[in-house]
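> Can you read through this structure? Questions will come right after.
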Amino acid sequence: MNLLLVEDDIELAESLVARFREAGYQTEHVSDGRVALSAALDGDYGALVVDRMVPGMDGLSLMKELRRSKATPAIYLTTMAGIDDRVQGLEAGGDDYLVKPFEFAELLARVRAITRRSEGSAVSKLVAGRIEMDLVRRSVHREGQLIDLVPQEFRLLEYLMRNVNRAVTRKMLLENVWDIHFDPHTNVVESHISRLRARLNDNFAFDPIQTVRGVGYRLLAAQ
């Protein structure tokens, strides 16, 4: 598998490239965000490891642009450790978020995890009732009408569609959509569900996202 490492700390990058290659990953390194975007769009990478603060184009902007056309798994590797930083990174289209300093064993495990998830979701389209999601083009239609979603709303709907007609808890959503494995004591799930409902139900009478009292949410396929 080919990896693209986007990191402007040259000493760290050289160490990571060597260790990834020892682990069996063909790894290319770039230190500029714009160069990284061009490489990611043109190349065939199994995953990206992206520092948020790189010259040319920052990691958030890189991911937002990449997600317009490609769903390559990506993990941030950064010193920005706040909960808002994590949420911003995942909303921009990242699949995971690891804070520096870190252990290489954890980074390797996370890269393997996001690539496994990608391999396990080889289908290119998801359908739930009259909602269709194209995982390659990153687009959503309801009864033929295009639904414009930001990256984190897309991830949230994707998780609901992969669990159609099944109740999912707030904890499941935090862990699988935001990669947050603790309670941040914010309404991040509720606010995103509200915004997703507003976009999904524009011009439609039926709300397919059901609130399951005391449990969480369920996406209904019968519409």
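Each residue of the sequence shown is one higher than the last, beginning at 1262 in the working numbering. Backbone N, C-alpha and C define an ideal beta-carbon position, used for all residues, glycine too. This structure is a prediction, so every number in the text was calculated from the model and none was measured.
1. With H, G and I counted as helix, E and B as strand and the rest as coil, what does DSSP make of K1361?
2. Could you name the residues of the same chain whose beta carbon sits closer than 8 Å to that of D1270, not counting the 5 residues immediately before and after it, in chain order?
3. Please say whether L1302 and V1267 have beta carbons closer to each other than 8 Å?
4. Considering only residues of the stretch 1426-1456, which uninterrupted alpha helix (DSSP H) runs meet the minimum length of 4 residues and lie entirely inside it, listed in chain order?
5. E1378 to L1461, Cα distance in whole Å?
6. Does the distance from the C-beta atom of L1457 to that of Q1471 stay below 8 Å?
7. When you compare each of A1284, G1285 and S1299 to V1291 by their alpha carbons, which one comes out closest?
8. Short check: CB of V1438 to CB of R1416, under 8 Å?
9. Would you kindly work out how many angstroms separate the C-alpha atoms of Y1286 and S1400, rounded to a whole number?
10. How would you call D1357, buried or exposed, if buried means at least 16 neighbouring beta carbons within 10 angstroms?
11. Just mark R1403 as buried or exposed, buried being the case when its beta carbon has 16 or more other beta carbons within 10 Å.
12. On the DSSP letters alone, give me the boundaries of the alpha helix (DSSP H) that S1322 sits inside.
13. Could you give the distance in angstroms between the alpha-carbon of D1293 and the alpha-carbon of I1375?
14. Could you check what DSSP says for E1352 in three-state terms: helix, strand or coil?
15. Note down, in chain order, each residue of its chain lying with its Cβ closer than 6 Å to the Cβ of H1442, except the 5 sequence neighbours on either side.
16. Can you give the beta carbon distance from L1368 to L1338, rounded, assuming they're within the 8 Å contact cut?
17. Would you mind listing the alpha helix (DSSP H) stretches within the stretch 1263-1321 that are 4+ residues and don't spill past its ends, in chain order?
18. Kindly indicate the opening and closing residues of the beta strand (DSSP E) around R1479.
19. DSSP on T1472, reduced to helix/strand/coil?
20. Spatial neighbours of A1284 within its chain, please: C-beta separation below 8 Å, excluding the five flanking residues on both sides.
21. Can you tell me whether V1372 is helix, strand or coil according to DSSP?
Reading off the structure:
1. Residue mapping note: residue 1361 aligns to position 100 of the sequence shown, counting from 1. Coil at K1361, not helix or strand.
2. Within the sequence shown, numbered from 1, the residue matching residue 1270 stands at position 9. Here the set comprises D1312.
3. Counted from its first residue, the sequence shown places residue 1267 at position 6. Counted from its first residue, the sequence shown places residue 1302 at position 41. Inclusion of V1267 and L1302 in the CB contact set at 8 Å is not warranted, their separation being larger than that value.
4. Within the stretch 1426-1456, the complete alpha helix (DSSP H) runs of at least 4 residues are 1431-1438.
5. Counting from one through the sequence shown, the residue named residue 1378 turns up at place 117. Counting from one through the sequence shown, the residue named residue 1461 turns up at place 200. Here residue 1378 is Arg; the residue named in the question, Glu, does not match the sequence. Looking at the two C-alpha atoms, the distance is approximately 25 Å.
6. Position 196 of the sequence shown, counted from the start, is the residue given in the question as residue 1457. Position 210 of the sequence shown, counted from the start, is the residue given in the question as residue 1471. Not a contact, by the Cβ cut-off of 8 Å.
7. Mapped onto the sequence shown, residue 1291 falls at position 30. It is S1299.
8. The residue you call residue 1438 lines up with position 177 of the sequence shown. The residue you call residue 1416 lines up with position 155 of the sequence shown. R1416 is positioned such that its CB atom lies closer than 8 Å to that of V1438.
9. Stepping through the sequence shown from its first residue, residue 1286 is reached at position 25. Stepping through the sequence shown from its first residue, residue 1400 is reached at position 139. If you take the alpha carbons of Y1286 and S1400, they lie about 30 Å apart.
10. Position 96 of the sequence shown holds residue 1357. When all chains shown are included, D1357 counts as buried.
11. Taking the first residue of the sequence shown as position 1, residue 1403 is located at position 142. By the neighbour-count rule (16 or more Cβ atoms within 10 Å), R1403 is buried.
12. Locating residue 1322 in the sequence shown gives position 61, counting from the first residue. Membership of S1322 in the alpha helix (DSSP H) is indicated by the continuous run G1320 to L1327.
13. Numbered from its first residue, the sequence shown carries residue 1293 at position 32. Numbered from its first residue, the sequence shown carries residue 1375 at position 114. I1375 has its alpha-carbon roughly 23 Å from the corresponding atom of D1293.
14. Here residue 1352 corresponds to residue number 91 of the sequence shown, with the count starting at 1. Residue state, collapsed to three classes: helix.
15. Position 181 of the sequence shown, counted from the first residue, corresponds to residue 1442. Excluding residues within five positions, the ones whose Cβ falls inside 6 Å are E1436.
16. Start at 1 with the first residue of the sequence shown, and residue 1368 comes out as number 107. Start at 1 with the first residue of the sequence shown, and residue 1338 comes out as number 77. L1368 to L1338, Cβ: 7 Å. Contact.
17. If we require 4 residues or more, the alpha helix (DSSP H) runs fully inside the stretch 1263-1321 come out as 1271-1283 and 1294-1303.
18. Position 218 of the sequence shown, counting from 1, holds the residue named residue 1479. Where R1479 is concerned, the enclosing beta strand (DSSP E) stretches over G1477 to L1480.
19. By one-based count along the sequence shown, residue 1472 stands at place 211. Note: T1472 maps to strand in three-state DSSP.
20. The residue given as residue 1284 occupies position 23 in the sequence shown. Closer than 8 Å at the Cβ level, and outside the excluded window around A1284, lie L1369.
21. Along the sequence shown, read from residue 1 onward, the residue named residue 1372 stands at position 111. Helix, per DSSP.
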